[in-house]
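Residue numbering for the sequence shown follows numbering that gives the first Met the number 0, beginning at 0 and increasing consecutively. Glycine residues also receive a C-beta, built at the ideal position from the N, C-alpha and C atoms.
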Amino acid sequence: MSPMVSAARAGLARGWIELRQTFTNGQDLWNYLFPTVILLVVMVFMRNSTVPGTNFSLGSRTLPSALGMGIAFGGLITTAMALTVDREDGTLLRAKAIPNGMFGYLIGKIVLVTGMGVVSMVLQLTPGVFLLDGLAIGSPTGWLTLIWVLLLGMVATMPIGAIFGSLFSNPRSMGIMMLPLMGLIATSGIFYPITNFPAWLQWVAQVFPVYWLGLGMRSALLPDSMAAVEFGHSWRHLETVGVLGAWAILGLVMAPIVLRRMARRESGSSVAARREKAMQRIT
0 MSPMVSAARA GLARGWIELR QTFTNGQDLW NYLFPTVILL VVMVFMRNST VPGTNFSLGS
60 RTLPSALGMG IAFGGLITTA MALTVDREDG TLLRAKAIPN GMFGYLIGKI VLVTGMGVVS
120 MVLQLTPGVF LLDGLAIGSP TGWLTLIWVL LLGMVATMPI GAIFGSLFSN PRSMGIMMLP
180 LMGLIATSGI FYPITNFPAW LQWVAQVFPV YWLGLGMRSA LLPDSMAAVE FGHSWRHLET
240 VGVLGAWAIL GLVMAPIVLR RMARRESGSS VAARREKAMQ RIT
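Quick look at the structure:
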């Protein structure tokens, strides 16, 4: 068995173990359940409102949009947070010291973040189907669309998240990423159709993955008639693949370069210095 295959198998095993551990950790369970409950409560309150120009429930339209938002959030923030935590506690340094350890480490994080994203999606979608009306959940084509949007969305966002995680030396710096991401979510048609925004804001939103992930999930879970309220009166699958694919290519090209440079800077002294700063903050 080649060293790379062994590293990949070790990474898969590590990712699966870390994913299972999230079901036994109180904080991780809270991170699964709290956003789900908040989103479902918001959507239930929105279900009697309608999408402008239609009789369709705004809450039902928001559910698939929120699923797309969750993919973006997981790929960007969860990946970046995991990388900075592992830098601070020395996990990344230990992975670097093992032959092909960084490759196995990244495989493990892909499994972990993807698994967490799928679990969160199931937790939101399952009760949402019973609480909200009008979702097109009986179409095999819709489920296939959901799968490819999920996978392409992860590939488009996780490398970018890894790049940002490489730029920050401690998890407490993640607030710098949260503010612009919240702005993107607010302007990307997640909670309200983008066609009601100013034209310049529509174009800005369409540059980033958040809008396209929301659109892709809506195309998977909403009736075809709802495409009429979207930009261009279409689900624009080709454009979705194009934009998310462009972000994926950018991330896959840049992430290895940034990660290699970050790994070269990792040493026992740098980990010890970060730990000492962390202890000083605690005390």
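Beta-carbon separation (whole angstroms), residue i vs residue j, contact threshold 8 Å
| i | j | result |
| --- | --- | --- |
| GLN123 | THR21 | Incorrect: roughly 16 Å between the Cβ atoms, too far for contact. |
Same chain, Cβ closer than 6 Å to residue i, neighbours up to 5 away in sequence not counted
| i | result |
| --- | --- |
| PHE167 | THR83 |
| LEU18 | LEU111 and GLY114 |
| ASP85 | LEU91 |
| GLY100 | ALA94 |
| VAL206 | none |
| TYR104 | ALA94 |
Residue from the options whose Cα sits closest to the Cα of residue i
| i | options | result |
| --- | --- | --- |
| ARG283 | ALA262, GLY241, GLN201 and PRO192 | Since the first residue of the chain shown is 0 and the last is 282, residue 283 is not available in this structure. |
| LEU246 | ARG86, SER218, TRP234 and LEU151 | Here residue 246 turns out to be Trp, not Leu, going by the sequence shown. Selected option, being the one with the closest Cα: LEU151. |
| ILE175 | SER187, GLY160 and ILE189 | GLY160 |
| LEU39 | SER138, PHE129, VAL154 and LEU145 | PHE129 |
| GLY73 | MET177, THR140 and ASP223 | MET177 |
| MET261 | GLU87, GLY141, TRP202 and ASN47 | GLU87 |
| PRO98 | SER1, GLY244 and PRO208 | SER1 |
| ILE76 | THR53, ILE37, TYR104 and GLY116 | GLY116 |
| GLY127 | GLY241, ILE16, ASN24 and ILE37 | ILE37 |
| GLY137 | TRP199, THR23 and ASP223 | ASP223 |
Cβ shell of residue i (< 7 Å), same chain only, five flanking positions each side left out
| i | result |
| --- | --- |
| THR291 | Nothing about residue 291 can be read from this structure; the chain reaches only from 0 to 282. |
| MET120 | LEU66 and GLY69 |
| TYR31 | VAL118, SER119 and LEU122 |
| LEU243 | LEU151, GLY152, ALA155, PRO208 and TRP211 |
| VAL43 | GLY58 and LEU130 |
C-beta contact flag for residue i and residue j at 7 Å
| i | j | result |
| --- | --- | --- |
| LYS108 | ALA81 | yes |
| PRO63 | ARG217 | yes |
| ALA94 | LEU221 | no |
| GLY79 | GLY164 | Strictly speaking, residue 79 in this sequence is Ala, with Gly absent from that position. Yes, the Cβ-Cβ distance between ALA79 and GLY164 is below 7 Å. |
| PRO158 | ALA254 | yes |
| THR144 | ALA219 | yes |
| GLY215 | THR239 | yes |
| LEU162 | VAL41 | The amino acid at residue 162 is misidentified as Leu; the sequence shows Ile. The answer is no: Cβ separation not under 7 Å. |
| THR140 | PRO208 | no |
| LEU131 | ARG235 | no |
Same chain, Cβ closer than 8 Å to residue i, neighbours up to 5 away in sequence not counted
| i | result |
| --- | --- |
| GLY14 | ILE106, GLY107, LYS108, ILE109, VAL110, LEU111 and GLY114 |
| PHE102 | MET3, ALA6, ALA7 and GLY10 |
| ALA204 | LEU183, THR186, SER187, GLY188, ILE193, PHE196 and TYR210 |
| HIS232 | ALA226 |
| LEU251 | VAL154 and PRO158 |
Heavy atom of the ligand NAP within 6 Å of residue i beta-carbon
| i | result |
| --- | --- |
| GLY188 | Of ligands this structure carries none, so the ligand NAP is not represented either. |
- Task: Run through the region 195–265 for me and flag every whole alpha helix (DSSP H) of 4 or more residues, listed as ranges in chain order.
- Result: If we require 4 residues or more, the alpha helix (DSSP H) runs fully inside the region 195–265 come out as 198–204, 208–220 and 236–264.
| task | Could you name each continuous beta strand (DSSP E) segment of 3 residues or more that falls completely within the region 27–114, going from the start of the chain to the end? | result | The beta strand (DSSP E) runs of length 3 or more contained entirely in the region 27–114 do not exist; there are none.
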